[in-house]
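Chains as they are written, first to last, in this note's numbering: chain A, 134 to 248; chain B, 198 to 313. Quick reminder that beta carbons are idealized off the backbone N, C-alpha and C, glycines included. It should be emphasised that the depicted structure is a prediction, and the values quoted were computed from it without experimental measurement. For reference, the structure discussed in these notes is given below.
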């Protein structure tokens with residue numbers, strides 16, 4: 134079935150460690166996004182990518198990094214520079230023709246907990 | 198900048214009750230408006246949308262009307278079911294045909310619990 138797969142679903146990290154969250158889509162979508170969800174704060178955009186080998190910072194990019202080497206993959210690295218990384222991370226994608234309309238397709242999310 | 202404000206939750210209703218979740222926004226120009234729903238343990242999925250003033254989005258018995266004069270996009274359903282229990286997010290996005298590339302501004306979410 135076509136969709137967006139995020140892994141791992143749950144991840145624990147010690148302070149000072151970098152971790153990478155995986156996001157893979159087989160929908161042939163052009164654009165991909167990473168959002169962070171915190172209780173009572175809605176979703177905030179971390180990074181987004183419209184095409185391979187190109188990406189832009191969102192509203193809260195500090196302490197995160199991404200790459201887009203393949204159309205179907207958009208991994209997010211949470212670095213030790215991120216001061217408060219415990220959160221639920223959501224990956225999304227959209228085909229180019231829907232991009233300007235804002236219709237996003239989301240994965241099931243990855244919950245990161247820093248111990 | 199753009200912003201979205203949703204009514205405070207959580208909202209608890211009995212089955213078959215009427216639902217309203219308020220959403221107001223601040224934006225320049227003519228944004229598109231969305232309601233997304235997140236069921237327990239899942240990602241978000243689009244529930245309905247409206248792209249211009251006075252448009253009504255509808256899906257699965259839910260409705261919302263784009264009111265430019267009051268900058269609102271309230272979500273309503275006439276008779277809720279237990280299966281509607283979820284978190285509902287109002288979102289603001291680029292105007293249809295624009296070039297802001299899918300960047301959405303989300304409200305804080307409203308938790309809805311429906312009891313039998």
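Take the Cβ of residue 300 of chain B as the centre, count every other Cβ of all protein chains shown within 10 Å, and call the residue buried at 16 or more, exposed below.
As a first step, residue 300 of chain B must be located in the second chain, where it is residue number 103. It counts as buried.
For residue 259 of chain B, list the residues DSSP reports as bridge partners.
To locate residue 259 of chain B, count along the second chain from 1; it is residue 62. DSSP output for residue 259 of chain B lists B:256 and B:274 as bridge partner(s).
Quick check: what's the CA-CA separation for residue 203 of chain A versus residue 186 of chain A?
What you label residue 203 of chain A is simply residue 70 of the first chain in a count that begins at 1. What you label residue 186 of chain A is simply residue 53 of the first chain in a count that begins at 1. Taking the straight line joining both Cα atoms gives about 8 Å.
Quick check for students: name the residue ranges of the beta strand (DSSP E) that lie wholly in the region 134 to 174 of chain A, counting only runs of 3 or more.
Those beta strand (DSSP E) runs which fall completely within the region 134 to 174 of chain A and span 3+ residues are 137 to 140, 143 to 146, 152 to 158 and 164 to 171.
DSSP has residue 290 of chain B in a bridge; who is on the other side?
Stepping through the second chain from its first residue, residue 290 of chain B is reached at position 93. DSSP lists B:229 as partners of residue 290 of chain B.
In whole angstroms, what is the alpha-carbon distance linking residue 209 of chain B and residue 309 of chain B?
Taking the first residue of the second chain as position 1, residue 209 of chain B is located at position 12. Taking the first residue of the second chain as position 1, residue 309 of chain B is located at position 112. In a straight line, the C-alpha of residue 209 of chain B is about 6 Å away from that of residue 309 of chain B.
Using a Cβ cut-off of 8 Å (strictly closer), state whether residue 205 of chain A contacts chain B.
Locating residue 205 of chain A in the first chain gives position 72, where the first residue counts as 1. No, no contact with chain B.
Which first and last residues belong to the beta strand (DSSP E) in which residue 210 of chain B is found?
For this step, residue 210 of chain B is matched to residue 13 along the second chain. From DSSP, the beta strand (DSSP E) with residue 210 of chain B extends over 208 to 211.
Can you tell me the Cβ-Cβ gap for residue 181 of chain A and residue 174 of chain A, rounded? I've got them flagged as a contact below 8 Å.
Start at 1 with the first residue of the first chain, and residue 181 of chain A comes out as number 48. Start at 1 with the first residue of the first chain, and residue 174 of chain A comes out as number 41. The Cβ separation is near 19 Å, so there is no contact.
Would you mind working out which of B:254, B:289 and B:306 sits nearest residue 225 of chain B, comparing C-alpha positions?
Taking the first residue of the second chain as 1, we reach residue 225 of chain B at position 28. Minimum Cα distance to residue 225 of chain B is reached at B:289.
When you compare only the Cα positions, how much space is there between residue 206 of chain A and residue 205 of chain B?
Here the question's residue 206 of chain A lines up with position 73 in the first chain. Here the question's residue 205 of chain B lines up with position 8 in the second chain. Computed Cα separation, rounded: 36 Å.
State buried or exposed for residue 214 of chain A, treating a residue as buried only when at least 16 other CB atoms are found within 10 Å of its CB.
For the purposes of this step, residue 214 of chain A is taken as residue 81 along the first chain, with counting starting at 1. Exposed, since its Cβ has fewer than 16 Cβ neighbours within 10 Å.
Mind pulling the beta strand (DSSP E) runs of 3 or more residues that sit fully within the region 194 to 228 of chain A?
Those beta strand (DSSP E) runs which fall completely within the region 194 to 228 of chain A and span 3+ residues are 197 to 199, 209 to 211 and 220 to 227.
What are the residues that DSSP puts in a beta bridge with residue 178 of chain A?
For the purposes of this step, residue 178 of chain A is identified with residue 45 of the first chain, where counting begins at 1. Answer by DSSP bridge pairing, in chain order: A:168.
Please list the partners that residue 223 of chain A has in chain B, where partner means a Cβ-to-Cβ separation under 8 Å.
Here the question's residue 223 of chain A lines up with position 90 in the first chain. What residue 223 of chain A touches in chain B: 240 and 241.
For residue 270 of chain B, return the contacting residues in chain A, with the cut-off set at a CB-CB distance below 7 Å.
The count along the second chain starts at 1 and reaches residue 270 of chain B at position 73. Within 7 Å Cβ-Cβ: nothing; residue 270 of chain B doesn't reach chain A, min ~13 Å.
Could you check what DSSP says for residue 187 of chain A in three-state terms: helix, strand or coil?
Within the first chain, residue 187 of chain A is the residue found at index 54, counting from 1. It is a strand residue.
Mapping the DSSP letters down to three states, classify residue 282 of chain B as helix, strand or coil.
The count along the second chain starts at 1 and reaches residue 282 of chain B at position 85. In the structure shown, residue 282 of chain B sits in coil (DSSP, three-state: anything other than H, G, I, E or B).
Consider the Cβ of residue 236 of chain A: report whether some Cβ of chain B lies at a distance smaller than 8 Å.
Locating residue 236 of chain A in the first chain gives position 103, counting from the first residue. Cβ-Cβ to chain B under 8 Å: yes for residue 236 of chain A.
Any beta-carbon of chain D closer than 8 Å to the one on residue 282 of chain B?
Among the chains of the structure shown, chain D does not appear; the protein chains present are A and B.
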